[in-house]
Each structure stands twice: as C-alpha cells, then as structure tokens.
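Protein chains in written order, with the working numbering: chain Z, 5 to 446; chain F, 11 to 321.
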Amino acid sequence: MTDDKKSYLTTSRRSLLKATVLLALASTSIGTLIIPAPAKAAGKKVIIGAFADGGLTPFKQKIIPLAKEAGFDIDFLEDEYGVTLEKWFADAQNGAGQYDLYLLDDPWVPQFGAANVLEDLGAAGLGVDDKDWIGPLIDMGFWPPRSGPRVAAFKDATPTLICAPFIGDLQTLTYRNDVYTNGAPKTWDEVISKGKEGVASGKIKYPVVFRGVAGNSIVTSWYSIFLSFGGEFFDDKWNPTFNSEAGKAASDFFVGTMKQNASAGVVEFDSDQEGAAILGGDAGAIIQYSGNALKSDDPAQSKVVGKLDFGVVPKQVKAISQLGIFIAGVPKSAPNKANAIEFLKWYTSADTQAKVAEAGMIPVKRSAFGIAKPGNRLIPVALQQLDAGALPRPRMPEWAKVEELLGIELNKALQAGSGGGAAMDAAANEVKEYLAQAGYYQ
Amino acid sequence: MNPKGGILSMNPKGQILTKQRLQGAGLDLALPYLMLAPAVLVVLCVLVYPFWDGLRASVQAYRYGTAVGWAGLDNYVRLWSDDQFLNALWVSIRFVFLAVAIETVLGFALALFCLREFKGIRLLRTVLIIPMVITPVVVAILFRLIYASDAGMITALSVAIGGGQVQILGDPVNAFIGLVVLDVWEWTPLMFLILLAGLQSLPQEPFEAARVDGAGAWRSFVDLTLPMMRPVLAIAIVLRTIDAFGTFDQVFVLTRGGPGEATKLVSIYGYDTAFKFQQTGYASAMFVTVGLIVLAMALTAVRLLQKEAQE
C-alpha cells in the first residue's frame, strides 16, 4: 500500500476532532427535530407531589377533572410514602423547583417549617381567620405552633401558616357488622371479647389487625391505643411522658393482648397487609385512616362488601384518635408558585370543599360535612370522631427520629409479645438523650 | 509523510511547513488530554467532588438540614457512643462476613463444576449468571413475596404439607438469614464468573504432571488449584466485600432494617440519618468512617497478596 493510500485510509487527528464535533451537532439537531416540544399547557400548570395512598383516589378520579374545568393543568406525581419526605425536603432545600405543591403527611410540617422552605400561605391570602376551617386541622398548618410547647429556636417566632389542610384524615374504627352486631364496640375489651366470639363462629380468623413494622408503621397503630388509655407524649418542656403508667398499660395491651388476637405474622405487617386482612375478611376490627376504609364498599377490592361499618375509636379512658391529615405546602422554589396558591384557594373554598365531600374525601372545612349526600359513609363518622377528640402527633422537627426510636423498641416488644412497659422506658431514655443532644433542654 | 510524523508541505521556502509542524505538534500534545477530558470531568463531578463535599460536611454541625458551623471531630467522636451506629456496624460486618464466605465457597464449587466441558454446559453457565443481572430492587420484591408470612411462597408450601405460617421477616434471626440468602442468591454468580475465569487461565502442565505422578483429584485441588487460585480468590473476595458493605436496595425493600434493628446495615442507618433525620454532617462522618474501615480491609488484603507474591 502506498503512503498516499495509507493517509487516505488512516483517521487523522483533525478529522477525528471534526467528526466528534459533527456527531455532537448532528445528535443535538436530530434530538431537537425528533423529540417534540412539550405541548403548551392547557391551563394554569400546578405540579403536585403526593405519596401513594388510597385516601387520594377520589382526588385523582374526581377532583383533578374539576380542577381542569376551573382552569388548572394538574401534573400529579406520586411516590412511595417511604421516600417522599427525603425527596421533597431535598427539592425544597436545594431550590430544585421540581414541584409546586407537596401533599405532606402532617408530622413533616415542623421539619419543613424549621428549614424555612415553604411559602407563607397566610400572607398569600389563604384566609387564616376563616371560621369554617376545622380548628385542629388549620392549627397543624402553622409553624411554630399556635399553641402547645415550642422548640427553643422558635420560642419567640410568630406563627405562620405554611401549609393548608388538604384531606381531613384521621383514624377511625372499621369493624365487621356481622361480628359486632350491636354496633361499633365502645371499649377495647369489647373489641377483643366479641372478636373472639367471631373467630369461634368462623366468621373471621382473628379479632384485630394492625401494623407491626418498626418506625412510623407501628407507632401509627399504637398511637390511638395510647391516646385511648389516656397517655400523653411529652410534657410542656419536651420531657418524654409516654412511659407514664397509662402509656405502659397501653403498650402492654398493644404488644400482648392485641398481638395474641391478631395474625401470627403481624410483626411484619404494614398498611398493605393490614388492609388485605380487613378487606379480605380475615380480621374483625381495625383502627385505620381513610385510605383502606374507602375501599370497603368496592367489590373489586373488598371480599366483605356490606359487612364493614365505621365508628369512633374504642376507649379505655377516652375515645381519642390520631389526626393524620394530608396537608399542602408550596415550596419557595416552586416554578408555578402563583398557580399553586390560586389552586389552594380554589380547593379550600366552601364550594369546592362541598364537592370534595361529594367525591368521598374527608373535607377540611366544617360546612362541607353538612352536605346532603357525602360521597361515602365514612365522612359523618369522621366528624363524630373529630368532635369526640382527635390529636396530632407532637409538633417538632425531630419527630421522625423520635418515632424511629420508639418504633424500634415497640417492634422488639411486639416480637417478644410482652414487655411493652419496659419498651416505653427504654424508648423514653433514648428520646431524652437524643433531644438533649439536639439542644432541647438548654 | 516525513519520518518524524510531521506533515510535508509543498512550499519551497519552508514557512508554511514550520507552521504546520507547530500546529501538528500542538495537537499531538493536546489530543490525549482532550480525549481524556470528558472522563476526567465525570470522575471529578461524580467521585472527587462528592467525596470532598462529604468530607467537608462530616466536620460541620447541621440544624434542620442546614450547616450552622464547624464541628471539628465531634461527629466522629459521637459515632462511638451511638448504640444504633455500633449495632448497624456489627450487623453489617456479620452480614458481609457470612454472605461473602458462602458466596465464595458456592461460587468456587460451581466454577469447578462448570470448568468441565459437557453437553449443555454453555446453557448452564448462562443460566447461573441470571440472578446477577436482575435489578436488586426486583430481587428484593421477589424475596418479599417468597418470605411474606401471610401469603408468601414458603408459608404456602408449609401449609400445603400440613404446617403453619413461617415467620421470616417478623423474626430477627430468620430475617437476617433471609437477607443473607437473598444476597447469596444474587451475588454467587459474580464469584462464579470471576473464579471460573481464573480456573480457565491456570496452566495445564502442573496438573498433567501431578496426574502422571499419581495424584488424585483432591490432592491436585489442595496442592495445585488452591495455591494457584489464591490471588484470584483474594481479588474476588476484596471486590465482593467492598460491594457487600454498600448493600442498600435489597434491605430497603425487603426489611427496611427490621424487625427491630436486626437487618439495619450502616447503609440504611446512614441513609435515614442523612435524609430522614436531616443530620447531614453526622451521616457523612458515618460514611467516611465506614469507607475508611473498608479501605483498610482492602489495603490489608492487597498487601498480603503482594507479600505472598514476593515470597
């Protein structure tokens, strides 16, 4: 082969560079031509982030189309519950601007509030003084809290509405009406004794079901029992008081009696399994949020349609349940901030709230509970529970860690089937140590 | 072309020739760097910067997700009085030791078996590496379906033969063993592949000589295969150990660290600390410490290898 032919066939440095540049330009141009530009929004765009939960099904099916009619273009992004807190917090803190609205779990509000990453919705005109709000629900949107103990760093700060209640979810009792034939059981003793009769008659496999997985899951199931036994979590100086006599009795009942009357595998049960147990006809009663309760009358999801009724949580001392509302916050980095705030104003207006109740979601304005035809049987019971008593979890930025520490000890006691009181003492020590290190007692 | 590689010019005076030579020489010098630049940039962005940022975060105090000041070595000191961290470290060490040991033995046995040529061996080798190519999250979901006490496959089998519910994820010991089994199922193929490649590269002469001298299979294995495979085994074990310390996806999906803290590896505890509890500095100190422990282990293994090679 001659030198000329060689130089013709050999790739030169210059041609290699040229080819690289041309390739890059070509791929960019082709990409621009092939990938269509996003269609222009049909309305005011709002990107909503939510965690997957049955309680949001009516919102997706009925309220988003209504919002579209009202001129909003909703982009609804769902994630697993277990990853949303960290994902949204990172989004808000880094100013990534991926969302216009977060549908938070209410215990996360202090964490976002302390980090100062959410918009002041009161200043944006959301109607802080509107008497139609359900008091305990709107209170949960303020940081620092309007009442109750405050963490030291925010002792003198002015409470600001950083979140708006979105779904007034709270725990209520779901029970089998063919087992509890006299209506909702009033006490925990009745839940167990009547449940045992149901097991003996072959109607159910076990009287109760709950979540046993460590962390948020087990604490969620334990909390309403703890409240019904008269327990209080902290004193006004953030000293743990959940290891009081009432707290220990509730915990012993939970890891002992409740476990003995639940599925053998309850230690590993999360919301999926507890939902399957009640909707599959295995369990007699459950304390739960609206997510699974809303499925009770759907033959596609429930094997016991017509056999599940709702009631106020049973009491030992008080019939108090846990509030666990969906609550909406607008990040300061939201790309469509004005639209998000306008959407919230529309959504929380009395008219839309009436439609929310018609759709089967628990509203956040009292007037909406009075509509002629609520979308499901749970809504009037939710109001009864609100009036009987419902409390939020402690309003502190460190709640996730506190819940983790308590949840691990409770889960260990549940595995053993005893030692609920000792678990409370152990958890109280760990929580106290953690909060001391976080500067709570200075 | 001239012998030195410059570009010949037609200009009789030589000026253009000089310019072209200079251009060519400049390009010669720059081209390797230009070609390396994208890779270096990527390494700087995804490896060096995050490591530096993590190191910096580990000596800072954080409050509500924001750095509020210098913490010195406080975060590192605090680690050794944190029962949750110490437990997570101990769980991680037990998990890595058990999983890697079983994977090595099984992987070696499979590699020795698949070294022989027989009908269907190619298919068998392919099938054996399938677990390794499945996404870890999918593997974890599959094992969750197998282990679930209410509707899992093991419980279904147990019920079918007259037994009851089998508690795996609800029992601390069983859940830990279940996690090790998952890891062994997924990563034994990696050991198998590395060790098979090592076995195939061994010289045949020593084995033939041993056979002529009357050595049996066991003697050949102990006196020839094992000593000659030692460097490959060491590299495979070091690689797998480093990887196993970083196990996250499977635990996150399968147990989330429970029951209690039975399967809470440092990776899970560190993740929660950083992202759920927003203690970025403390979590960074945790990961730097674990990184140093793993690095020390890897360096020790490499040193031992070098020492052995010198001897």
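For each residue, glycine too, the CB sits at the ideal point set by N, CA and C.
Pair within 8 Å by beta-carbon distance, residue i and residue j
i	j	result
M144(Z)	P396(Z)	yes
L70(Z)	I331(Z)	no
T198(F)	L116(F)	yes
V360(Z)	P244(Z)	no
A118(Z)	Q97(Z)	no
Y293(Z)	D173(Z)	yes
A119(F)	L209(F)	no
G206(Z)	D57(Z)	no
L298(Z)	L382(Z)	yes
F424(Z)	S255(Z)	Here residue 424(Z) turns out to be Gly, not Phe, going by the sequence shown. Result yes, Cβ atoms of G424(Z) and S255(Z) sit closer than 8 Å.
A185(F)	T273(F)	yes
A404(Z)	F287(F)	yes
F55(Z)	T178(Z)	no
K311(Z)	K190(Z)	no
A417(Z)	V259(Z)	yes
Q388(Z)	V316(Z)	yes
V50(Z)	A344(Z)	yes
A342(Z)	Y103(Z)	no
L275(F)	V101(F)	yes
L179(F)	A158(F)	yes
I239(F)	E196(F)	First, the residue type needs correcting, since residue 239(F) is Met and not Ile in the sequence shown. No.
Residue i, DSSP secondary structure in three states
i	result
W228(F)	helix
M179(F)	The amino acid occupying residue 179(F) in the given sequence is Leu; Met does not appear at that position. Of the three classes helix, strand and coil, the one that applies to L179(F) here is coil, per DSSP.
Y179(Z)	strand
E413(Z)	helix
T273(F)	coil
A304(Z)	coil
V213(Z)	coil
W403(Z)	helix
G333(Z)	strand
A83(Z)	A small correction: the amino acid at residue 83(Z) is Asp; Ala does not occupy that position in the sequence shown. It is a strand residue.
S325(Z)	strand
F170(Z)	strand
T235(F)	helix
D57(Z)	coil
L83(F)	coil
T145(F)	coil
A43(Z)	With a pLDDT of 48 at A43(Z), under the threshold of 50, the modelled position of that residue is not reliable, and no figure is offered here.
M428(Z)	helix
V304(F)	helix
L18(F)	Caution applies to L18(F), whose pLDDT of 47 falls short of 50 and renders its modelled position unreliable; the value that the coordinates give is listed next. In the structure shown, L18(F) sits in coil (DSSP, three-state: anything other than H, G, I, E or B).
F297(F)	helix
V50(Z)	strand
Contact belief for residue i with residue j at Cβ below 8 Å, rounded distance in angstroms
i	j	result
Y86(F)	A295(F)	5 Å
G216(Z)	F230(Z)	At roughly 15 Å, the Cβ-Cβ gap does not stay under 8 Å, so G216(Z) and F230(Z) are not in contact.
I222(Z)	G411(Z)	5 Å
Y292(F)	T283(F)	6 Å
L327(Z)	Q305(Z)	That pair is no contact at about 25 Å.
G393(Z)	I324(Z)	4 Å
I112(F)	V194(F)	5 Å
A289(Z)	G421(Z)	So it is not a contact: roughly 20 Å between Cβ atoms.
L141(Z)	P169(Z)	4 Å
A386(Z)	T176(Z)	6 Å
G75(Z)	G47(Z)	5 Å
Partners in chain Z for residue i, counting only beta-carbon separations shorter than 7 Å
i	result
F287(F)	A404, K405
Q70(F)	Those within 7 Å of Q70(F) in chain Z number zero; the least Cβ separation is about 15 Å.
Q175(F)	A268, G269
Interface partners of residue i on chain F, CB under 8 Å
i	result
F93(Z)	G75, F285, Q288
Q97(Z)	G75, T76
Chain-ordered chain F contacts of residue i [CB-CB under 7 Å]
i	result
P401(Z)	Y74
S267(Z)	D160
K416(Z)	G270
V271(Z)	G180, P269
Residue i: contacting residues in chain Z (beta-carbon distance under 8 Å)
i	result
R266(F)	G86, V217, A218, G219
D233(F)	Per Cβ cutoff of 8 Å: no residues; D233(F) is ~49 Å from chain Z at best.
Where residue i meets chain Z, residues with beta-carbon distance less than 9 Å
i	result
P182(F)	K416, Q419
Neighbour list for residue i in chain F, Cβ cutoff strictly below 9 Å
i	result
E278(Z)	Within chain F, no residue comes near E278(Z); the closest Cβ sits about 10 Å away, beyond 9 Å.
The ligand SAH heavy atom lying under 7 Å from the CB of residue i
i	result
P141(F)	The ligand SAH is not part of the structure shown, which contains no ligands of any sort.
Practice task
With 8 Å as the C-beta to C-beta threshold (strictly closer), list the residues of the segment 282-301 of chain Z near chain F in chain order.
Solution key: none
Handout entry: Proximal residues, the segment 117-133 of chain Z versus chain F, C-beta separation under 7 Å
Key = A118, A119
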